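A short write-up of the structure that comes next.
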Amino acid sequence: MTGSKKKMLISGNEAIGAGAIRAGCVFYAGYPITPQNELTSYMAEHMPAAGRVFIQAESELAAINMVFGAAAAGARAMTSSSSPGVSLKQEGISYIAGAQLPAVIVNIMRGGPGLGNISPSQSDYFQATRSGGHGDYHSIVLAPASVPEAYTLMQRAFALSETYRGPVILLGDGMLGQMMEVVELDTGTKAPAVTKKPWALTGCKGRQPNIVRSIYLKEGALEKFNLLLQKKYHLIRQREQRYESFAVDDARVIIVAYGTMARIAKQAVMALRKKGKKAGLIRPITLWPFPASAFSVLGRPRQKFLVTEMSYGQMLEDVRLTLEGRAEVSFLGRAGGGIPSEEEITARAMRLLQ
Amino acid sequence: MQKIYSRPLSLKDTSTHYCPGCGHGIAHRLVCEVIDELGIRERVIAIAPVGCAVIAYDYWDFDVSEAAHGRAMAVATGIKRMRPENIVFTYQGDGDLAAIGTAETIHTANRGENITVIFINNAVYGMTGGQMAPTTLLGQKTATTPGGRTPELYGYPLKISEMLAVLPGVKYIERVSLHSPPEVLKAKRAITQAFKNQMDGVGFSLVEIIAACPTYWGMSPQKAQQWIPEGMLKEFPLGRIK
Numbered sequence: 401m402t403g404s405k406k407k408m409l410i411s412g413n414e415a416i417g418a419g420a421i422r423a424g425c426v427f428y429a430g431y432p433i434t435p436q437n438e439l440t441s442y443m444a445e446h447m448p449a450a451g452r453v454f455i456q457a458e459s460e461l462a463a464i465n466m467v468f469g470a471a472a473a474g475a476r477a478m479t480s481s482s483s484p485g486v487s488l489k490q491e492g493i494s495y496i497a498g499a500q501l502p503a504v505i506v507n508i509m510r511g512g513p514g515l516g517n518i519s520p521s522q523s524d525y526f527q528a529t530r531s532g533g534h535g536d537y538h539s540i541v542l543a544p545a546s547v548p549e550a551y552t553l554m555q556r557a558f559a560l561s562e563t564y565r566g567p568v569i570l571l572g573d574g575m576l577g578q579m580m581e582v583v584e585l586d587t588g589t590k591a592p593a594v595t596k597k598p599w600a601l602t603g604c605k606g607r608q609p610n611i612v613r614s615i616y617l618k619e620g621a622l623e624k625f626n627l628l629l630q631k632k633y634h635l636i637r638q639r640e641q642r643y644e645s646f647a648v649d650d651a652r653v654i655i656v657a658y659g660t661m662a663r664i665a666k667q668a669v670m671a672l673r674k675k676g677k678k679a680g681l682i683r684p685i686t687l688w689p690f691p692a693s694a695f696s697v698l699g700r701p702r703q704k705f706l707v708t709e710m711s712y713g714q715m716l717e718d719v720r721l722t723l724e725g726r727a728e729v730s731f732l733g734r735a736g737g738g739i740p741s742e743e744e745i746t747a748r749a750m751r752l753l754q
Numbered sequence: 006m007q008k009i010y011s012r013p014l015s016l017k018d019t020s021t022h023y024c025p026g027c028g029h030g031i032a033h034r035l036v037c038e039v040i041d042e043l044g045i046r047e048r049v050i051a052i053a054p055v056g057c058a059v060i061a062y063d064y065w066d067f068d069v070s071e072a073a074h075g076r077a078m079a080v081a082t083g084i085k086r087m088r089p090e091n092i093v094f095t096y097q098g099d100g101d102l103a104a105i106g107t108a109e110t111i112h113t114a115n116r117g118e119n120i121t122v123i124f125i126n127n128a129v130y131g132m133t134g135g136q137m138a139p140t141t142l143l144g145q146k147t148a149t150t151p152g153g154r155t156p157e158l159y160g161y162p163l164k165i166s167e168m169l170a171v172l173p174g175v176k177y178i179e180r181v182s183l184h185s186p187p188e189v190l191k192a193k194r195a196i197t198q199a200f201k202n203q204m205d206g207v208g209f210s211l212v213e214i215i216a217a218c219p220t221y222w223g224m225s226p227q228k229a230q231q232w233i234p235e236g237m238l239k240e241f242p243l244g245r246i247k
């Protein structure tokens, strides 16, 4: 069976679960919250069946700290939730970053603030890309735009978390979690080999004791540790930017969108191209590090940018920071259940092209 | 000359940062003696709390993880489920275990996780400067109960061990004290039992240790030891709870 493929029609939530299992995730802890419940159910069914650990935790706090423990013990571990639950996890994510543990956190975003509602949203971009919890840290943030991509990025998430020893967030929205698409599942039995983890807590037999910590009390020690983290983040910025660009070479208006919003934006670009209008799309796949390299040759005179999000302008800030005033940046966003439509995007792009 | 008593192998040869008369020193040593005697040092993974014992790994010579305040048992759950062959224990104070971590405490116990919990009850927050703990006695003066704890404003001392005893997942709970040599020996027996239970796969075991905090009780080390039977033990009677 090794290396064989199987096509299946599954939801984004299920694809994330399948991707995690394929990646060799051996520990999952979660707590019910809509619209990511299918993922928790998927793990409840498939993890024990594969001889792995599933725990329904008493809270999001407990779930993320169980993940902390499993990761400290050297295991590939993850948790998942949706916006209000991910707010609760921020404490644990900060500690995971501080203790340099590899772990994957899935956020299937819903509308906020507060309890909000369960409609798709992209309002947690700031929380995911700007630390989220306390302290100067970053999580790598991956944003799939389709169910098959959720499956592959989930596997990438585990690899990145182990390479850089830190939290990786898979950021989707309720639409991605709920919709079904055909995914080619890799049914080969072999998961990627576990990275060597000489720091892990396994009992000190045959070696000096290991300590997993994030406290540095001696004078200067915490600053030194923070500089180490910054060095790591610099390396990640250099190496791990990912994006998709579509029809940008001659484009006079470039739409910037991520996740499911990018699929609507792509439809708008294709509609504009049919009308002979020079439109293009940049779709960041890594939200942190933000793919500044996608913009390096752009921002020519008369080239305009249109950022569209299911929020009131969060990624917009990164686009502006990246372009540093080289080009005009407009914004079209809706949230709280509103989704910018293909027609709205097309109309706005047409105005910008006039 | 023959050496008949020495530092346990699991305890590092270092000077202490704990205050004179503090219970942590004795509790640390007892845990280390038990670990040595059971021959499990190389299998042990400890979880240190947030509180005065946050840097317990400065004293313990085996694998240790920190945990966020109150989350030690959630961290222990993650470790033990992934490494059931290891011996996993948490070491937590009253604020950590019975205030901010109450949910984790109750649910870890209720899941019957096969771990050992060392619970240090000194009725006060030490590291942050002597504030009221959930176990602070009525009338006890702290930084946040300057006129003494009154039930009307602050509620009652929380007997978390008695609360946990009703859970079927809990297999062993004993409350011990460190105020006199005979009590210290009893405490060691309880700690031994709690670790043996885990080795035998019995399930969740907790030892509540009544310990002195002379600094924030505003007493001399000697007076603080006397106050344990005179004050603490009236509210928290010693013995096997489950």
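For the protein sequence lines, the chains are C and B, in the order given.
401 is the number of the first residue of the first sequence in this note's numbering; add one for each residue after it.
6 is the number of the first residue of the second sequence in this note's numbering; add one for each residue after it.
Just so it is clear, CB atoms sit at the ideal spot from N, CA and C, and this is done for glycine as well.
Quick caveat: nothing in here was measured; it's all calculated off a predicted structure.
Quiz item: Do we get a CB-CB distance below 8 Å when we pair residue 484 of chain C with the residues of chain B?
Solution: Within the first sequence, numbered from 1, the residue matching residue 484 of chain C stands at position 84. No, its Cβ sits nowhere closer than 8 Å to a Cβ of chain B.
Quiz item: Do you know offhand how far residue 625 of chain C's Cα is from residue 158 of chain B's?
Solution: Translated into the one-based positions of the first sequence, residue 625 of chain C becomes position 225. Translated into the one-based positions of the second sequence, residue 158 of chain B becomes position 153. Taking the straight line joining both Cα atoms gives about 43 Å.
Practice problem: Tell me, please, which residues DSSP counts as bridged to residue 139 of chain B. | Solution: On the second sequence, residue 139 of chain B is found 134 positions in, with the first residue counted as 1. Bridge partners of residue 139 of chain B: none, in fact.
Quiz item: Does any C-beta atom of chain C lie closer than 8 Å to the C-beta of residue 215 of chain B?
Solution: For the purposes of this step, residue 215 of chain B is identified with residue 210 of the second sequence, where counting begins at 1. No, residue 215 of chain B lies away from the interface with chain C (no Cβ there is under 8 Å from its Cβ).
Quiz item: Who are the Cβ neighbours of residue 651 of chain C in its own chain at under 8 Å, not counting the five residues just before and after it?
Solution: Sequence index remark: in the first sequence, residue 651 of chain C carries index 251 (1-based). Correct list, in chain order: 678, 679, 680, 703.
Quiz item: Are the segment 225 to 235 of chain B and the segment 193 to 211 of chain B touching, with three or more C-beta to C-beta distances below 8 Å?
Solution: no
Quiz item: chain C beta carbons: is any one of them nearer than 8 Å to that of residue 141 of chain B?
Solution: Residue 141 of chain B sits at position 136 when you count from the first residue of the second sequence. Closer than 8 Å: no.
Self-check item: Test: residue 604 of chain C CB closer than 8 Å to a CB of chain B
Solution: The residue given as residue 604 of chain C occupies position 204 in the first sequence. Answer yes: the Cβ-Cβ gap between residue 604 of chain C and chain B drops below 8 Å somewhere.
Practice problem: Provide the residue span of the alpha helix (DSSP H) that contains residue 635 of chain C, from first to last. | Solution: To locate residue 635 of chain C, count along the first sequence from 1; it is residue 235. Taken as a continuous stretch (DSSP letters only), the alpha helix (DSSP H) holding residue 635 of chain C covers 621 to 639.
Practice problem: Output the distance between the C-alpha atoms of residue 555 of chain C and residue 658 of chain C, rounded to the nearest integer angstrom. | Solution: To locate residue 555 of chain C, count along the first sequence from 1; it is residue 155. To locate residue 658 of chain C, count along the first sequence from 1; it is residue 258. Spanning the two alpha carbons is a distance of roughly 19 Å.
Quiz item: Excluding the five sequence neighbours on either side, which residues of its own chain have a C-beta within less than 8 Å of the C-beta of residue 423 of chain C, listed in chain order?
Solution: For the purposes of this step, residue 423 of chain C is taken as residue 23 along the first sequence, with counting starting at 1. These residues qualify, in order along the chain: 476, 554, 555, 557, 558, 559, 591, 592.
Quiz item: So, does the CB of residue 401 of chain C fall closer than 8 Å to a CB anywhere in chain B?
Solution: On the first sequence, residue 401 of chain C is found 1 positions in, with the first residue counted as 1. The pLDDT assigned to residue 401 of chain C is 43, lower than 50, so where the model puts this residue is not dependable; a value taken from the coordinates is nonetheless given after this. Cβ-Cβ to chain B under 8 Å: no for residue 401 of chain C.
Quiz prompt | Local conformation of residue 224 of chain B per DSSP, three classes | solution = Here residue 224 of chain B refers to the residue found at position 219 of the second sequence. Residue state, collapsed to three classes: coil.
Exercise. Just the C-alpha distance for residue 508 of chain C and residue 517 of chain C, rounded to the nearest angstrom, thanks.
Key: As a first step, residue 508 of chain C must be located in the first sequence, where it is residue number 108. As a first step, residue 517 of chain C must be located in the first sequence, where it is residue number 117. When rounded, the distance between both Cα atoms is 13 Å.
Exercise. Return the residues of the segment 82 to 95 of chain B that lie within a Cβ-Cβ distance of less than 7 Å from chain C, sorted by chain order.
Key: 82, 83, 84, 86, 87, 88, 91
Quiz prompt | C-beta neighbour in chain B for residue 453 of chain C, strict 8 Å | solution = The sequence position of residue 453 of chain C within the first sequence is 53, counting from 1. It does; some Cβ of chain B falls within 8 Å.
Quiz item: Hey, how far is the Cα of residue 203 of chain B from the Cα of residue 92 of chain B?
Solution: Locating residue 203 of chain B in the second sequence gives position 198, where the first residue counts as 1. Locating residue 92 of chain B in the second sequence gives position 87, where the first residue counts as 1. Whole-angstrom Cα-Cα distance: 7 Å.
Self-check item: Interface flag, residue 562 of chain C vs chain B, CB-CB below 8 Å
Solution: Working through the first sequence from its first residue, we reach residue 562 of chain C at position 162. Taking Cβ atoms only, chain B never reaches closer than 8 Å to residue 562 of chain C, which makes this a no.
Quiz item: Out of curiosity, what's the CA-to-CA distance linking residue 666 of chain C and residue 100 of chain B?
Solution: Locating residue 666 of chain C in the first sequence gives position 266, where the first residue counts as 1. Locating residue 100 of chain B in the second sequence gives position 95, where the first residue counts as 1. Near 54 Å, if we compare the C-alpha coordinates of residue 100 of chain B and residue 666 of chain C.
Self-check item: Close Cβ partners of residue 444 of chain C (< 8 Å) along its chain, the five nearest in sequence each way excluded
Solution: Mapped onto the first sequence, residue 444 of chain C falls at position 44. Closer than 8 Å at Cβ, skipping near neighbours: 454, 456.
Quiz item: Which chain E residues sit within Cβ distance under 8 Å of residue 67 of chain B?
Solution: Looking for chain E here will not work: the only protein chains present are C and B.
Practice problem: Taking 8 Å as the cut-off, decide whether the C-beta atoms of residue 712 of chain C and residue 733 of chain C are in contact. | Solution: On the first sequence, position 312 is the one that residue 712 of chain C refers to. On the first sequence, position 333 is the one that residue 733 of chain C refers to. In contact: residue 712 of chain C and residue 733 of chain C (Cβ atoms closer than 8 Å).
Quiz item: What separation, rounded to the nearest whole angstrom, lies between the Cα atoms of residue 149 of chain B and residue 132 of chain B?
Solution: For the purposes of this step, residue 149 of chain B is taken as the residue at position 144 of the second sequence. For the purposes of this step, residue 132 of chain B is taken as the residue at position 127 of the second sequence. Roughly 14 Å separates the two Cα atoms.
Quiz item: Does residue 79 of chain B have its Cβ less than 8 Å from a Cβ in chain C?
Solution: Here the question's residue 79 of chain B lines up with position 74 in the second sequence. Yes, because at least one Cβ of chain C sits closer than 8 Å to the Cβ of residue 79 of chain B.
Quiz item: For residue 33 of chain B, which of B:164, B:10, B:123 has the nearest alpha-carbon?
Solution: On the second sequence, residue 33 of chain B is found 28 positions in, with the first residue counted as 1. Closest by alpha carbon: B:123.
Practice problem: With 8 Å as the C-beta to C-beta threshold (strictly closer), list the residues of the segment 42 to 67 of chain B near chain C in chain order. | Solution: 46, 47, 48, 49, 50, 52, 59, 60, 62, 65, 66, 67
Quiz item: By the criterion of Cβ-Cβ separation under 7 Å, what are the contact partners of residue 112 of chain B in chain C?
Solution: Locating residue 112 of chain B in the second sequence gives position 107, counting from the first residue. The answer, in chain order, is 458, 462.
Quiz item: Between residue 430 of chain C and residue 463 of chain C, is the Cβ-Cβ spacing less than 8 Å?
Solution: Translated into positions along the first sequence, residue 430 of chain C becomes position 30. Translated into positions along the first sequence, residue 463 of chain C becomes position 63. Cβ atoms of residue 430 of chain C and residue 463 of chain C: closer than 8 Å.
Quiz item: Near residue 206 of chain B, which residues of its chain fall below 7 Å by C-beta distance, leaving aside the five closest residues on each side in sequence?
Solution: The residue you call residue 206 of chain B lines up with position 201 of the second sequence. Same-chain partners within the cutoff: 119.
Exercise. Under the assumption that residue 109 of chain B contacts residue 76 of chain B (Cβ atoms under 8 Å), give the Cβ distance between them as a whole number of angstroms.
Key: Here residue 109 of chain B refers to the residue found at position 104 of the second sequence. Here residue 76 of chain B refers to the residue found at position 71 of the second sequence. Their Cβ separation, rounded to whole angstroms, is 6 Å, which keeps residue 109 of chain B and residue 76 of chain B in contact under 8 Å.
Practice problem: Tell me, to the nearest whole angstrom, how far the beta carbon of residue 682 of chain C is from that of residue 642 of chain C; I am working on the premise that it is less than 8 Å. | Solution: The count along the first sequence starts at 1 and reaches residue 682 of chain C at position 282. The count along the first sequence starts at 1 and reaches residue 642 of chain C at position 242. The pair is not a contact, with the Cβ atoms about 12 Å apart (cut-off 8 Å).
Quiz item: Which whole-angstrom value is the C-beta distance of residue 180 of chain B and residue 241 of chain B, which I expect to be below 8 Å?
Solution: Reading the second sequence from its first residue, position 175 is the one you call residue 180 of chain B. Reading the second sequence from its first residue, position 236 is the one you call residue 241 of chain B. Contact holds; Cβ gap of about 6 Å.
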